[in-house]
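As structure tokens, the structure follows; a few thoughts come after it.
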Amino acid sequence: MQTGRTLRIVSAFLAAAVLPLTGCSTDDPPSRAAATTAPAALRPYYGQKIRWHACGGGLECGTLRAPLDYARPRVAGDLTLAVARKKALGPGRRLGSLLVNPGGPGGSALAYLRGYAASGYPRPVRERYDMVAMDPRGVGRSAPVTCLSGPQMDAFTQTDQTPDSTAETGGLTRAYRRFAAGCAARAGRLLGHVSTVEAARDMDVLRAVLGDRRLAYVGASYGTFLGATYADLFPARVGRLVLDGAMDPALSTERVNREQTAGFETAFTAFARDCVRRARCPLGTAGVPAARSRLIAFLTRLDSRPLPTGQPRRLGESLATTGVLSALYDDGAWPQLRTALRTAMDGDGSGLLALADVYYERGPDGGYANLMYANAAVNCLDLPPAFRTPADVRRALPAFEKASPAFGRTLAWSALNCAYWPVHPTGTPHPLHARGAAPIIVAGTTRDPATPYRWARSLAAQLSSGTLLTYDGDGHTAYGRGSACVDSAINAYLLHGTPPPPGTRCT
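Counted the way the numbering used here counts, the sequence shown spans residues 26 to 532.
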């Protein structure tokens with residue numbers, strides 16, 4: 026498993042989405058005002074046109090040019106960023122473009138648009154907005170970062186992430202070094218230019234090229250950090266921003282990892298509380314503490330006795346833990362997790378392996394999407410590493426194991442990955458205020474495993490115009506997860522610009 030800031034899981038139906046750039050073309054005029062007010066060196070970017078091409082499913086696709094290095098535009102070279110949109114359905118006055126991002130870092134926004142947002146967002150929103158997605162630099166189809174071959178990534182995901190000896194610790198650090206070296210060899214200069222700040226600047230170029238005076242945006246998970254960064258850089262250009270499943274940009278990487286560890290423990294407790302009430306719960310029916318102990322014992326056995334899965338890869342402790350954590354992102358996956366645990370405890374590891382493959386976006390052909398590569402590249406560039414040596418991890422283990430007896434060791438050691446990164450970080454933890462921005466909704470879920478609710482409270486308080494919307498529920502993020510209260514509040518804001526009253530709490 027790999028962590029850094031956070032990792033929003035892009036559902037399996039999104040991972041396979043492809044947007045071919047074929048068909049007839051239409052051009053949209055850029056915003057002339059934006060082109061003339063941009064710094065002289067950036068005017069060619071702000072003044073460009075997107076040539077749109079039909080690419081199936083009622084979508085149009087195109088590309089946007091952005092400088093590799095905003096400090097040296099036109100000198101360091103350009104990146105080509107992939108963009109897609111679904112035009113507003115009507116009737117009613119068009120409100121502009123609504124940019125969406127599913128998080129990660131590393132989740133493909135284009136796949137999210139095709140797989141969900143273009144047809145699954147509430148119809149009143151889709152009637153009034155062009156639904157737009159851009160894969161951030163280094164992600165998906167926008168100059169994707171790549172690091173390892175499929176077989177190399179298979180080996181990486183099976184590395185023992187709870188080392189019990191000097192030899193096992195060495196094996197883990199060698200795996201992290203090989204991963205980093207692969208990224209350096211394959212991605213080259215791009216590794217130094219995939220920061221969240223640069224991705225936010227790309228968003229402003231897209232906003233201008235689409236002809237919008239202000240940005241309307243819905244970002245989930247890491248997408249909240251991307252959106253808040255945009256708001257802090259360009260507060261006067263903030264339109265209607267929804268930040269769902271919020272990050273706290275003021276936290277150190279170690280604290281983020283430790284608090285996320287506690288978030289997964291909260292999610293497991295909710296899962297176990299539901300499970301033990303069922304007659305066939307694979308963790309027993311004696312209560313949550315007994316269920317946790319049974320899970321820990323099962324994972325510990327896998328460390329030395331991996332299970333068969335019906336394919337060459339066996340299910341060891343690392344892949345099994347990843348499979349469990351994958352299902353904890355969404356309470357809708359709890360039935361699948363119960364079944365996977367039951368079959369694994371009967372000797373068949375295929376169900377948990379399938380859940381781990383969803384997490385890693387591994388395809389049936391053994392190839393991997395670039396989610397995990399981009400996740401590391403962005404996280405390791407944005408902030409200093411959580412730990413620099415194995416000794417640092419060992420010192421932190423008691424705090425991580427207190428946060429989660431079941432997952433603490435794995436998540437502490439997984440936070441060592443950026444220690445060996447070939448590019449120095451360019452950012453530091455700091456609050457984001459976006460002074461002067463229009464009202465921004467920050468949505469938080471009380472039992473969110475990946476972005477603990479306290480982060481939403483913190484971000485809403487940091488932003489000068491932040492309004493907290495609370496969802497008292499399970500799973501990662503709040504919008505579109507079945508709460509009519511949450512959905513109506515966010516829909517009203519997107520359509521009319523009015524945020525919910527302070528203190529609004531939904532179930």
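Cβ atoms here follow ideal geometry from the backbone N, Cα and C, with glycine treated the same way.
Bear in mind that the values here come from a model prediction, so they are computed numbers and not experimental data.
Tell whether a beta-carbon distance below 9 Å holds between residue i and residue j.
i	j	result
Y354	A475	yes
D269	V234	no
G491	D179	no
A261	A462	yes
L377	E386	no
G312	N126	no
L67	A107	no
G132	V164	yes
R239	V263	yes
L406	G452	yes
Q183	R305	no
R319	L308	yes
V222	T254	yes
G121	A316	no
P409	T278	yes
D356	D189	no
T529	L493	yes
G335	S375	yes
P454	P274	yes
I466	V157	no
Starting from residue i, trace the beta strand (DSSP E) both ways and give me its first and last residue.
i	result
R23	The structure shown does not extend to residue 23, since the chain is modelled only from 26 to 532, so the question has no answer here.
D499	G491 to D499
W77	R76 to A79
G452	Element bounds for G452: n/a, residue is neither H nor E.
P314	Here P314 belongs to no beta strand (DSSP E); instead the alpha helix (DSSP H) covers V313 to S329.
G392	Per DSSP, G392 belongs to no beta strand (DSSP E) and is neither H nor E.
R472	I465 to R472
V243	L240 to A245
To the nearest whole angstrom, what separates the beta carbons of residue i and residue j, a pair I think is in contact under 8 Å?
i	j	result
Y551	D512	Nothing can be reported for residue 551: it is not among the residues displayed for the chain, which extend from 26 to 532.
L104	S167	7 Å
D160	L123	Going by Cβ atoms, the distance from D160 to L123 rounds to 16 Å, so no, they are not a contact pair.
F412	V418	5 Å
E152	L114	5 Å
A200	R472	Not confirmed; about 32 Å, so no contact.
V170	Y393	Actually they do not touch by this definition, with Cβ atoms about 12 Å apart.
A245	G128	5 Å
List the endpoints of the continuous alpha helix (DSSP H) containing residue i.
i	result
I515	A509 to H521
D229	T221 to V234
S122	S122 -> not in any alpha helix (DSSP H); beta strand (DSSP E) instead, spanning G121 to N126.
C405	L396 to D407
R68	R68 to Y71
V383	S375 to Y385
L268	Where L268 is concerned, there is no enclosing alpha helix (DSSP H), although the beta strand (DSSP E) it sits in stretches over V263 to D269.
Between residue i and chain C, is there a C-beta pair that is closer than 9 Å?
i	result
C306	Judged by its chain identifiers, the structure shown contains no chain C, having just a single protein chain.
Worksheet entry | the segment 445-452 contacting the segment 477-486, beta-carbon criterion three pairs below 8 Å | no
Worksheet item: Taking three-plus beta-carbon pairs below 8 Å as touching, is the segment 194-207 in contact with the segment 426-436?
Response: no
Worksheet item: Can at least three beta-carbon pairs, one atom from the segment 366-375 and one from the segment 331-349, be found at a separation below 8 Å?
Response: yes
Item to complete: Go through the segment 145-174 residue by residue and report every complete run of the beta strand (DSSP E) that reaches 3 residues or more, in order.
Response: 154-159
Practice prompt. Taking 8 Å as the threshold, find out whether the segment 225-233 comes into contact with the segment 77-97 through three or more Cβ pairs.
Written response: yes
Item to complete: Say whether the segment 170-188 touches the segment 135-151, bearing in mind that this needs 3 or more beta-carbon pairs closer than 8 Å, one atom from each stretch.
Response: no
Discussion item. What ranges does the alpha helix (DSSP H) occupy inside the segment 81-145, keeping only unbroken runs of at least 4 residues that lie completely in it?
Written reply: 134-137
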